[in-house]
Amino acid sequence: MAAARPAKFTVVGAGLGGALMAIYLGRAGYEVEVHERRADPRVSQQDGGRSINLAISTRGIESLAAVGLADEILRMAIPMRGRMMHSLHGELAFQPYGTEAAHVINSVSRADLNIALLNAAEKTGNVRLVFGKRCAGVDLDTATVSVTDVDTGKKSTVRADAVVGADGAFSVVRQQMQRLDRFDYEQAYLEHGYKELTIPAGPDGRFLLERHALHIWPRGGFMLIALPNRDGSFTATLFWPLEGEDSAASLRTEADVRRYFAEMFPDAVPLMPALIEDWFRNPAGTLVTIRCRPWHYRDKVVLLGDAGHAVLPFYGQGANAAFEDCLVLSECLAAHAPDREQAFARFQALRKRNTDALADLSLANFVEMRDHTASRTFLLARRLEKGLHRLFPARFVPLYTMVTFSRTPYAEAVERARRQWRIVKLAAAAPVAAGLSLLLWRRSRR
Ligand SMILES: Cc1cc2nc3c(=O)[nH]c(=O)nc-3n(C[C@H](O)[C@H](O)[C@H](O)COP(=O)(O)OP(=O)(O)OC[C@H]3O[C@@H](n4cnc5c(N)ncnc54)[C@H](O)[C@@H]3O)c2cc1C
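Residue numbering for the sequence shown follows the numbering used here, beginning at -11 and increasing consecutively.
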C-alpha cells in the first residue's frame, strides 16, 4: 500500500508567527507553502522604513529552542537586565527585571529575526516561500486561498488541506471567519499611538546610553522608551495620545517639537540629532487589542499570533505569545494526528483564556510603565515582591517573573499573583487584628 501523502498547509503571512509555524510544520514533514504580501526581506528593504527591535524572553526563546534556533537568535540579541528610568531632571534609576542574573529580556532586530526564521523554514526542505502575494480571501470549506500578485494584480488560487492565518492584527483570514454565524469579535484601539525615533551610535559605534537596559522616560499619561541595537544605536518609541490638546497632532511645527522634547525629555534631546526629520517622516502607528472566537474552522483553518489575539506592546509579549502559539499548535497537531480538527480545538482551549489574560496584562502594564514606574509606592511594592521571593522562592513569585521568565500560562500567572498578594495582605493584617482584639478584650475587662 502506498504511504499516505503528507497533509499540505498554506500559511498566510511570513511575519514572526507565520515563519516560525512554517518551520514547525516543515520539520514535522508537512508540505508547506507560505504566502506573504511583502517582498522578500532578504533581498529588499522596502517595508516602509527601518526595522524596529523587540524584546524576546523565555516563551519566545523556548519556542525557538524547540526547533534549534534559540542560540542563533540570542547571538543576535542584546540582553537587557532591567529598566533604566530617566526622571524629568535627568536622574537615572536602574530597576532590575528579575530575581536572578539569568532574568534578562533580549532586544533583537525584527528584520534580522524574521530573516533568520525564513532561512530556517527553507532549510527544512518542505517549505516554499512566496513573496509579493496578498491573500484576498479564503474559501473556508475547501481551504483555498485567493491571492493577488502585488506587482501585476494577477489573481490565482492556492489549495491545501488546511490554512494557517498568521497574517497579523488585520488578518484577512480572520475577516473571512468573521462572516461565519456566531463568530465573536472585539477590537479596541488605545487612545495612544506610537512614533519611532532614533538615538544613533556615538563615535566608534559607542552606545550613548547603558546598553543592557530598556530605557524609560515615564511622564504620567505618556512615555518614551528606547531599546538597544547591535550597531550601537537605540530605537526610541514615543507612546503618546494621538489627539487632543497635549497630543502628537498638536505638535505642528519644528519649534513645537523642539520645545516639547526639551521640556519633557531634556536628557534625550542631545542624543537625537535627527529628531525633527524622524518626527515628520515617521508615521504615527496605532495600537489595537483584538479578541475573537473561535480560532479555527473545522479542520480547515486556524488563526495564530496577532491574527487571533493582538495585544498592546507594553508587556513585550505579543511576539513571544505568537511564538508560544507555534509551539503549542505543533504539539497539538502531533498529539492528535491525523485529527486536525481535534488539534485545532485543543490549541484554542489551551491558549484562548491565556491570551485574553495577556491582553489585560498588557494594558495594565502600560499604566504601570508610564505612571507608576517612577512612583515610591510602585518601587516599594516591587522591592517587597523581590524580598518575599528571596524568602519564599517557591511560594512567592512576582507576576512579572512568571509572565516574562517562565512558561506558566498567562491566566494561571495572574491567578497565582492574586492569591499570593491575598496571603501577603492577610499576613500583614494579622498583627493589626491581633492588637485590636487585645485592646478590645482589655477594655471589656475594665
Ligand atoms: C511598537 C510595537 C512594539 C512591540 N514590541 C514587542 C516586544 O518587545 N516583544 C514582543 O514580544 N512583541 C512586541 N510587539 C508585538 C509583536 O510585534 C507582534 O505581536 C508580532 O509581530 C505578531 O506576530 P504575527 O506573526 O502574528 O504578526 P506580524 O508580525 O504582524 O506578521 C503578519 C505578516 O502577515 C503579512 N500579511 C498581512 N496581511 C496579509 C495578507 N492579506 N496576505 C499576505 N500576507 C499578509 C504581513 O506583511 C506580515 O508579514 C510589538 C508591537 C508593536 C506595534
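All C-beta atoms in this analysis are idealised placements derived from N, C-alpha and C, irrespective of residue type, glycine included. Since this is a predicted model, take the numbers as computed values, not measurements.
Span of the alpha helix (DSSP H) holding SER318?
306 to 324
Taking HIS436 as the reference, give the member of TRP409, SER363 and ARG147 with the closest Cα.
Shown here, the chain extends from -11 to 434; a query on residue 436 therefore has no answer.
Same chain, Cβ closer than 8 Å to GLY17, neighbours up to 5 away in sequence not counted:
PRO(-6) and ASN114
Helix, strand or coil for GLU88? Go by DSSP, reduced to three states.
GLU88: coil per DSSP, three-state reduction.
Are the beta-carbon atoms belonging to PHE393 and SER45 less than 8 Å from one another?
yes
Name the DSSP bridge partner or partners of ILE204?
MET73 and ILE213
Quick check on this structure: which residue in PRO191, TYR85 and GLU329 has the alpha carbon closest to the alpha carbon of ARG69?
TYR85
Where does GLY37 land, buried or exposed, given buried means 16+ other C-beta within 10 angstroms?
Low per-residue confidence applies at GLY37: pLDDT is 40, beneath 50, and the placement is therefore not dependable enough to give any value.
VAL299, DSSP secondary structure in three states:
coil
Hey, TYR398 and LEU349: beta-carbon distance below 8 Å or not?
yes
Using DSSP with H/G/I as helix, E/B as strand and the rest coil, what is ARG269?
helix
Please confirm whether any heavy atom of ligand 1 lies closer than 7 Å to the CB of TYR388.
no
Assign GLN175 to buried or exposed, taking buried as 16 or more other Cβ atoms, counted over all protein chains shown, within 10 Å of its Cβ.
exposed
Beta-carbon contacts of LEU239 that lie in its chain and below 8 Å, excluding the five residues immediately before and after:
VAL245, TYR248 and TRP267
Report, in whole angstroms, the separation of the C-beta atoms of LEU317 and MET9, which I expect to be a contact under 8 Å.
7 Å
Roughly how many whole angstroms lie between the Cα atoms of GLU110 and ARG15?
About 10 Å.
For GLU21, the first and last residue of its enclosing alpha helix (DSSP H):
Here GLU21 belongs to no alpha helix (DSSP H); instead the beta strand (DSSP E) covers 19 to 24.
In this structure, how does DSSP classify PRO67 when only helix, strand and coil are distinguished?
strand
Distance, MET260 Cα to ASP287 Cα:
51 Å
Quick one: is the Cβ of GLU24 within less than 7 Å of any heavy atom of ligand 1?
Yes, ligand 1 has a heavy atom inside 7 Å of this Cβ.
Cβ of ARG71 versus every heavy atom of ligand 1: is any distance shorter than 7 Å?
no
Would the C-beta of GLY181 count as close to ligand 1, meaning under 7 Å from any of its heavy atoms?
no
Any 3 or more C-beta pairs closer than 8 Å across the segment 329 to 345 and the segment 187 to 196
no
Ligand 1 and VAL20: does the residue's C-beta get closer than 7 Å to at least one heavy atom of that ligand?
no
In chain order, what residues of the same chain lie with their CB nearer than 8 Å to the CB of ALA395, ignoring the 5 residues before and after it?
Inspection of the sequence shows that residue 395 is occupied by Arg rather than by Ala. Within its own chain, the residues whose Cβ lies closer than 8 Å to the Cβ of ARG395, once the five positions on either side in sequence are excluded, are THR46, ARG47, GLU50 and GLU312, listed in chain order.
C-alpha gap between MET72 and PHE227, whole angstroms:
17 Å
By the DSSP assignment, the alpha helix (DSSP H) with ASP436 in it spans what residues?
With the chain covering -11 to 434 only, the question about residue 436 has no answer from this structure.
Residues in its own chain within less than 7 Å of ASP35 by CB, not counting five upstream and five downstream?
Any answer about ASP35 is weak, because its pLDDT of 48 lies below 50 and its placement is not dependable; what the coordinates show is given next. Taken in chain order, the residues that qualify are ARG26 and PRO29.
Nearest-angstrom Cα distance between ASN41 and ILE264?
21 Å
Secondary structure, beta strand (DSSP E): runs of 3+ residues fully inside the segment 217 to 252:
222 to 229
Range covered by the alpha helix (DSSP H) that runs through LYS374
Where LYS374 is concerned, the enclosing alpha helix (DSSP H) stretches over 364 to 379.
For ligand 1, any of its heavy atoms closer than 7 Å to the Cβ of GLY153?
No; taking the cut-off as 7 Å, the Cβ of GLY153 has no heavy atom of ligand 1 nearer than that.
Cα-Cα separation between GLU179 and CYS314, rounded to whole angstroms:
31 Å
Could you tell me which of LEU106, HIS200 and GLU403 sits nearest to ALA90, measuring between CA atoms?
HIS200
Does VAL355 pass the burial test, meaning 16 or more other C-beta atoms within 10 Å, or should it be called exposed?
exposed
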